[in-house]
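Undergrad:
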Amino acid sequence: MIILRSLFVVLLPLLVWTTNAFGTGRIIVIEVDGVINPVVAEFMVNEIHNANKFSEELIVIQMDTPGGLDPSMRKIIKAIQNSKVPVASFISPSGSRAASAGVFIAIASHISAMEPGTKIGAAHPVKLIVGGEGEQAKIIEDKVVNDTSTYIRSLAEQRGRNADWAELSVRKNVSVSSEEAKRLNVIDLLTANLDSLVLALDTREVKLGGNIITLNTAEKNIIFKKMNSRQRVLNIIASPNVAYVLMMLGLVGLYLELSNPGLILPGVVGSLSLVLALYAMQTLPINYA
Numbered sequence: 271m272i273i274l275r276s277l278f279v280v281l282l283p284l285l286v287w288t289t290n291a292f293g294t295g296r297i298i299v300i301e302v303d304g305v306i307n308p309v310v311a312e313f314m315v316n317e318i319h320n321a322n323k324f325s326e327e328l329i330v331i332q333m334d335t336p337g338g339l340d341p342s343m344r345k346i347i348k349a350i351q352n353s354k355v356p357v358a359s360f361i362s363p364s365g366s367r368a369a370s371a372g373v374f375i376a377i378a379s380h381i382s383a384m385e386p387g388t389k390i391g392a393a394h395p396v397k398l399i400v401g402g403e404g405e406q407a408k409i410i411e412d413k414v415v416n417d418t419s420t421y422i423r424s425l426a427e428q429r430g431r432n433a434d435w436a437e438l439s440v441r442k443n444v445s446v447s448s449e450e451a452k453r454l455n456v457i458d459l460l461t462a463n464l465d466s467l468v469l470a471l472d473t474r475e476v477k478l479g480g481n482i483i484t485l486n487t488a489e490k491n492i493i494f495k496k497m498n499s500r501q502r503v504l505n506i507i508a509s510p511n512v513a514y515v516l517m518m519l520g521l522v523g524l525y526l527e528l529s530n531p532g533l534i535l536p537g538v539v540g541s542l543s544l545v546l547a548l549y550a551m552q553t554l555p556i557n558y559a
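Note that this note's numbering numbers the sequence shown so that position 92 is 362, with each residue one more than the last.
(1) Would you identify the three-state DSSP class for Y502, choosing helix, strand or coil?
(2) Measuring alpha carbon to alpha carbon, tell me which residue in V446, L544, M517 and R502 is nearest M314.
(3) For A368, list the residues DSSP reports as bridge partners.
(4) Here's a check: name, in chain order, each residue in its chain whose Cβ is nearer than 6 Å to the Cβ of I507, leaving out the five neighbours to either side.
(5) Should the segment 464-482 be regarded as contacting the segment 447-456, the criterion being three or more beta carbon pairs within less than 8 Å?
(6) Quick one, which of F494, S419 and P308 has its alpha-carbon nearest S439's?
(7) Are at least three pairs of beta-carbons, each pair with one atom in the segment 360-378 and one in the segment 326-346, less than 8 Å apart?
(8) Could you give the DSSP three-state label for N481: helix, strand or coil?
(9) Quick one: complete beta strand (DSSP E) runs, 3+ long, within the segment 403-472?
(10) Which residue marks the beginning of the beta strand (DSSP E) containing V302, and which one marks its end?
(11) Decide yes or no for the touch test of the segment 485-502 against the segment 297-313: beta carbon pairs closer than 8 Å, at least 3 of them.
(12) Should G430 go down as buried or exposed, given a rule of 16 or more other Cβ atoms within 10 Å for buried?
(13) Quick check on DSSP: helix, strand or coil for F324?
(14) Which residues in the same chain have their Cβ closer than 6 Å to the Cβ of V396, if we skip the five residues on either side of it in sequence?
(15) Tell me which residue opens and which closes the beta strand (DSSP E) that I381 is part of.
(16) Do you know offhand how far V515's Cα is from V539's?
(17) Find the nearest neighbour of L467 within the set I381, A311 and N443, judged by alpha-carbon distance.
(18) Who are the Cβ neighbours of I534 in its own chain at under 7 Å, not counting the five residues just before and after it?
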């Protein structure tokens with residue numbers, strides 16, 4: 271008896287740790303505030319994968335974004351579509367928006383919700399590539415618009431949402447308030463805050479990978495996920511304003527080095543600034559391995 275009791279005391283912490291680490295069924299909140307770039311995409315995709323790894327109950331993408339880069343957006347959507355944990359997008363807090371890439375992510379999510387006083391829309395692709403004019407530029411623009419409008423329509427149809435509005439958000443840049451989005455079946459829910467969303471989703475049925483599952487969100491722990499230090503630094507560098515300053519600093523540094531050979535410091539600072547600026551502009555790839 272004493273041996274069994276001792277064994278129980280030894281194993282109890284291990285059992286508690288296992289329960290906390292695996293299958294805890296928590297609600298994971300991924301906060302997105304700003305432009306969707308490769309750093310944000312890496313952060314979001316990693317957190318979606320981690321939530322799947324630990325069999326969490328629900329992933330909530332809490333968004334306030336003006337949009338972002340197409341490749342980054344598609345990586346996030348691919349992770350959502352392959353997730354075995356339901357993903358809910360939530361445009362929040364009041365005054366927030368989901369524009370451009372944010373619209374695609376909201377439409378692609380298993381559940382889409384908005385807080386009153388928010389808006390969604392204006393998903394027309396923005397031309398970032400300089401070059402081409404006249405008829406050639408028009409052909410390129412039409413090609414991009416047709417591709418993105420078909421993509422968002424397919425996402426809306428997959429989730430049973432208003433595909434006509436989704437396509438118009440790309441072709442005509444339409445945008446609507448949260449109340450109008452609910453009325454038009456662009457989103458599923460209109461809730462006052464995150465706690466209200468969690469309560470509203472309890473016992474809700476969600477189609478996931480061909481199966482219907484029932485959410486159990488009541489009294490679940492809510493865990494907020496933040497970028498790590500490296501991601502925060504790279505996200506700051508990826509800002510267009512910072513990229514512009516780095517580019518100017520790089521050019522000035524190289525000019526000073528070429529004008530005064532042997533100074534070394536201006537050349538080093540200039541070269542480093544240019545590398546960071548080119549990364550921010552997505553001209554150079556970066557390998558974190």
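Ideal placement from N, C-alpha and C gives every residue a C-beta, glycine not left out. Note that the structure is a prediction, hence the values are computed from the model and not measured.
TA: With the given structure in hand:
(1) Reading the sequence as shown, one finds Arg at residue 502 and not Tyr. In this structure, R502 counts as helix in the three-state DSSP scheme.
(2) R502
(3) T335 and I390
(4) L546 and A550
(5) no
(6) S419
(7) yes
(8) strand
(9) 445-447
(10) I297 to D303
(11) yes
(12) exposed
(13) coil
(14) none
(15) I381 to M384
(16) 13 Å
(17) I381
(18) none
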